[in-house]
Amino acid sequence: MKNEEFWLVEIGVGMGPVALGMEYDRLLQVLRVHHIDTDNLLLDTNGKLSIPQMNSQLIFLHAEPRILCQIVVNDDRIRFGGLPVIGKRVHEILGMFKASRKETLWSIDGTTDGISNGDSHASQSVESATASRELLASGTLWITSLGLGMTLRNGLIETVHLCDPADSPSDGVGSWTKEQQRLSEVREMPMGSGATHSETKLDQTKFRKSIVRSIMFMALYVSLGLVIVWGIRLQRNWDAVPDVPAVVFAVDPPPPVFFPDKITVMFIDASGGERRETLDHTQFLTTPHVGDEVKLKLLPETPEIVLGPVGYRNVGFNTAFPYGMGLLAIGSVLQLVVLGTKAARRRKSAF
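This is the structure:
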């Protein structure tokens with residue numbers, strides 16, 4: 001099933017090894033060759049064979065021999081010339097095949113058995129915006145000259161129908177219109193009867209959640225930027241103030257311990273008075289001794305904070321770093337929550 005050629009569509013012929021016109025027994029043999037379990041497959045009374053492994057349904061003629069007349073696929077591995085189909089806008093596929101409006105026909109249930117209300121009034125009804133939205137929400141558009149039908153879900157292709165062009169439906173509810181082309185191109189969400197109130201409400205909820213997530217991440221990035229700017233400005237403030245000369249008054253523990261933990265310094269503050277401060281040894285590049293001269297810095301607006309050479313050289317980084325790491329941690333948690341929510345939603349919506 002990983003073979004991409006299996007999913008390649010040949011218009012009017014079939015998909016990969018699954019060919020239109022193939023007899024039932026022969027088809028089962030082909031499926032088994034491609035490692036598809038056929039033991040539990042059962043042809044129902046309507047001539048339909050559902051294959052969960054392919055997310056597909058094969059439809060056979062009622063008369064003997066049972067001949068494959070239609071292939072219905074809603075697996076996103078299906079390809080037109082190597083290009084994906086499921087999830088695409090229908091106008092993109094129409095453009096790919098250069099299909100004219102006269103070659104198109106809308107049906108409601110996707111079958112080729114003929115649709116009621118195929119009169120001129122029904123054909124004209126699709127011109128209204130409301131009817132166009134309803135068809136884009138849940139209708140099936142056929143390119144009759146190709147035997148190709150595409151069932152839509154809220155404007156996106158959900159299911160592909162393949163049949164012999166001669167077996168394409170002849171009756172329906174109108175052709176592809178300019179209004180539908182416009183709605184599909186501008187990606188306007190269908191709001192007709194095909195999109196239920198609950199589905200529309202769910203889409204609106206998802207949109208609001210997406211906006212909230214975007215605002216949260218934007219606020220996070222702005223906050224991180226502000227922390228960086230704050231750290232840079234703080235460093236500049238400390239770099240701008242002049243050095244204050246000081247003398248080492250005492251160390252703790254005292255000699256003969258070679259590496260003291262605390263260094264007590266004495267200096268003259270801005271008021272002209274003598275001041276003593278005890279600093280950690282990490283404030284100095286090398287361990288000073290009693291009587292050594294050292295340089296300190298303190299800001300006029302916060303004179304109670306005294307820093308040694310190492311401290312004031314890295315004060316901006318050391319002050320802002322914990323806040324930045326906290327914001328990055330919050331961002332990582334939010335990202336994991338978002339990814340976990342998306343993964344859970346994909347698992348829930350998977351076949």
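1 is the number of the first residue of the sequence shown in my numbering; add one for each residue after it.
Virtual Cβ for every residue (Gly too), placed ideally from N, Cα, C.
Reduced DSSP secondary structure (H/G/I, E/B, other) of A320: helix
Sheet register partners of H161 (DSSP bridge): V72, G149
Of the residues T144, L339, G231, I157, the one placed nearest Y323, counting alpha carbons only: G231
Per-residue burial, H289 [other beta carbons within 10 Å of its own, 16 or more giving buried]: exposed
Cross-strand partners of L141 (DSSP beta bridge): W106, M150
Beta-carbon contacts of A240 that lie in its chain and below 7 Å, excluding the five residues immediately before and after: none
Distance, M54 Cα to P169 Cα: 25 Å
Within 7 Å, strictly: CB atoms of L285 and I263: no
Beta-carbon proximity list for V333, same chain, < 7 Å, skipping 5 on both sides: none
Of the listed residues G16, S175, N40, nearest to V30 (C-alpha basis): G16
Burial state of P256, where buried means 16 or more other Cβ atoms lie within 10 Å: exposed
Cα-Cα separation, R133 to S184: 9 Å
Beta bridge counterpart(s) of K178 as assigned by DSSP: Answer by DSSP bridge pairing: none, since K178 is not bridged.
G311 classed as buried or exposed, judged by whether at least 16 other C-beta atoms fall within 10 angstroms: buried
Alpha-carbon to alpha-carbon, A320 and S223: 12 Å
For L267, the residue or residues it bridges with in DSSP: Checking the sequence, you will find Phe at residue 267 rather than Leu. F267 is bridged to A246, R275.
Where S334 falls: helix, strand or coil (DSSP): The identity of residue 334 in the sequence shown is Leu, whereas the question assumes Ser. In the structure shown, L334 sits in a helix (DSSP, three-state: H, G or I).
Proximity of M22 and L68 at Cβ, strictly below 7 Å: yes
Per-residue DSSP class, three states only, for V257: coil
Option in L136, R153, D167, K88 with minimal Cα separation from G174: L136
Beta-carbon proximity list for R275, same chain, < 8 Å, skipping 5 on both sides: M266, F267, I268, D269
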